[in-house]
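Take 228 as the starting number for the sequence shown in the numbering used here and just add one per residue. Data first, discussion second: the structure below is written as structure tokens.
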Amino acid sequence: MPVTIETIREAQERISPYSLRTPCLRLNSLDEFLGCQVYVKAECMQITGAFKLRGALNKLLSLPREQLQGGVVAASSGNHGRAVAYGAKLLGASAAIVMPRTAPGIKIDGIRSLGAEVVLCDVSQRFRVAEELCRERNAAMVPPFNDPAVMAGQGTAGIELVEQCPPLDMVVVPVSGGSLLGGVSAAVKALSPETRVFGAEPEALPRYSASLSAGGPVTVERHATVADALASDTPGSLCFPLVQKHADGVVPVDDAFTLRGMKLLLLEGKLLAEPSSCIGIGAVLQGRLPVSPGMKVCFLISGGNVGLDQLDLLK
Numbered sequence: 228m229p230v231t232i233e234t235i236r237e238a239q240e241r242i243s244p245y246s247l248r249t250p251c252l253r254l255n256s257l258d259e260f261l262g263c264q265v266y267v268k269a270e271c272m273q274i275t276g277a278f279k280l281r282g283a284l285n286k287l288l289s290l291p292r293e294q295l296q297g298g299v300v301a302a303s304s305g306n307h308g309r310a311v312a313y314g315a316k317l318l319g320a321s322a323a324i325v326m327p328r329t330a331p332g333i334k335i336d337g338i339r340s341l342g343a344e345v346v347l348c349d350v351s352q353r354f355r356v357a358e359e360l361c362r363e364r365n366a367a368m369v370p371p372f373n374d375p376a377v378m379a380g381q382g383t384a385g386i387e388l389v390e391q392c393p394p395l396d397m398v399v400v401p402v403s404g405g406s407l408l409g410g411v412s413a414a415v416k417a418l419s420p421e422t423r424v425f426g427a428e429p430e431a432l433p434r435y436s437a438s439l440s441a442g443g444p445v446t447v448e449r450h451a452t453v454a455d456a457l458a459s460d461t462p463g464s465l466c467f468p469l470v471q472k473h474a475d476g477v478v479p480v481d482d483a484f485t486l487r488g489m490k491l492l493l494l495e496g497k498l499l500a501e502p503s504s505c506i507g508i509g510a511v512l513q514g515r516l517p518v519s520p521g522m523k524v525c526f527l528i529s530g531g532n533v534g535l536d537q538l539d540l541l542k
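See the structure below:
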């Protein structure tokens with residue numbers, strides 16, 4: 228199933244009874260620091276605290292009822308797992324979420340609070356473990372990114388921000404596997420072709436920067452990053468062509484600038500978000516994106532599931 232503005236609109240109709248239309252906020256207080264007119268699409272205010280609810284719900288609501296009888300399984304760094312757990316509870320299905328041992332405690336606790344089982348493993352093994360659980364339990368897999376229904380669901384945030392904000396010069400989106408950037412860029416380009424859409428990824432895991440240069444998906448060496456929600460080392464095989472077609476580029480961002488972006492959003496914008504969500508602001512602070520004072524730029528703040536212990540990173 229191709230991901231188009233039509234399938235994204237279908238996803239919007241499907242999930243709208245169960246998800247929030249999150250606000251697009253004008254943060255004038257950040258203009259001086261970033262050198263542009265700043266808007267944010269506050270997905271940190273979504274149910275379950277992140278954009279992931281959109282794709283997870285669209286996938287779950289697309290499954291035949293009989294497929295849910297064996298429960299659902301998802302591999303996740305945290306936010307997708309919480310969204311799947313929420314959706315499964317809504318539909319009366321059991322859920323098992325495979326997560327890296329290094330995932331923040333607030334994300335593990337949030338998933339367990341929704342009644343889901345949490346299975347911890349090494350970050351590089353989470354997809355293999357999830358596939359084994361699916362086979363053992365005859366469960367349905369809900370992928371975090373490399374799935375057309377998931378990508379279409381994430382794209383609904385793109386429709387909303389075009390409708391909510393004034394005509395934008397640029398949209399900046401965090402990127403890991405690529406479902407959010409792929410879906411949002413497809414929606415934005417369909418509705419506002421003149422708007423440029425960029426992805427921002429950790430400099431420690433430049434999978435899209437490397438893949439776009441190579442002309443196809445490549446796997447990069449895994450390194451630690453404060454952007455724990457952006458942990459993939461390879462673009463999704465279905466996400467990559469969508470990003471390649473619709474996005475205007477992807478820029479790598481150093482962790483220090485991601486944390487500066489998080490601190491700026493909190494202290495000056497009065498909005499708390501997790502490090503991964505602030506990577507787009509970090510890209511501008513690092514001089515990686517071409518902005519100017521007259522430009523209207525919307526940063527997609529992808530999630531707000533941050534624990535108090537993580538605020539120590541800002542000291």
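Quick reminder that beta carbons are idealized off the backbone N, C-alpha and C, glycines included.
Cross-strand partners of residue i (DSSP beta bridge)
i	result
Ala-269	Ile-528
Ile-242	The partner list for Ile-242 (beta bridge, DSSP) is empty, contrary to what the question assumes.
Ile-324	Ala-301, Val-345
Leu-252	Val-267
Met-397	Arg-423, Val-524
Ala-367	Val-299
Ala-277	Gly-530
Check whether residue i and residue j have beta carbons under 9 Å apart
i	j	result
Cys-251	Leu-498	no
Val-356	Ala-302	yes
Thr-234	Pro-375	yes
Gly-410	Leu-469	yes
Val-377	Asn-306	no
Leu-512	Leu-535	no
Ala-283	Gly-380	yes
Ala-277	Val-299	no
Arg-281	Ala-343	no
Leu-465	Val-447	no
Gly-297	Ser-519	no
Leu-290	Ala-367	yes
Gly-463	Phe-354	no
Asp-304	Ser-243	The amino acid at residue 304 is misidentified as Asp; the sequence shows Ser. No; because the gap between Cβ atoms is not below 9 Å, this pair is not in contact.
Leu-341	Cys-525	no
Val-400	Ala-427	yes
Gly-476	Ala-500	no
Met-326	Gly-308	yes
Ala-474	Ile-232	no
Ala-545	Ser-503	Nothing can be reported for residue 545: it is not among the residues displayed for the chain, which extend from 228 to 542.
Ala-320	Leu-347	no
Rounded straight-line distance, which links the Cα of residue j to that of residue i
i	j	result
Gly-521	Leu-527	19 Å
Pro-444	Val-480	19 Å
Ala-269	Ala-315	24 Å
Arg-423	Leu-516	11 Å
Pro-420	Gly-496	29 Å
Val-533	Leu-541	12 Å
Gly-385	Gly-507	16 Å
Asp-396	Ser-529	19 Å
Ser-406	Val-415	14 Å
Leu-295	Phe-484	42 Å
Asp-258	Pro-393	16 Å
Met-228	Gln-273	26 Å
Arg-328	Ser-351	11 Å
Lys-334	Gly-509	23 Å
Glu-390	Phe-260	26 Å
Ser-552	Gly-514	It is not possible to answer for residue 552, since the shown part of the chain is limited to 228 through 542.
Arg-253	Leu-418	21 Å
Val-398	Val-265	10 Å
DSSP state of residue i mapped onto helix, strand, coil
i	result
Leu-538	helix
Met-378	helix
Phe-372	coil
Gln-264	strand
Val-402	coil
Gly-476	strand
Ala-384	helix
Ala-330	coil
Ser-412	helix
Ser-519	coil
Leu-288	helix
Gln-294	helix
Thr-231	coil
Leu-257	helix
Gly-514	coil
Ser-340	coil
Cys-361	helix
Gly-509	helix
Leu-317	helix
Leu-247	coil
Original post:
Which residue spans inside the segment 462-507 form an unbroken alpha helix (DSSP H) run of at least 4?
Top reply: The segment 462-507 contains these whole alpha helix (DSSP H) runs: 466-473, 482-494.
**OP:** Kindly provide the ranges of any alpha helix (DSSP H) runs that are 4 or more residues long and lie completely inside the segment 418-462, ordered along the chain.
**Re:** 434-441
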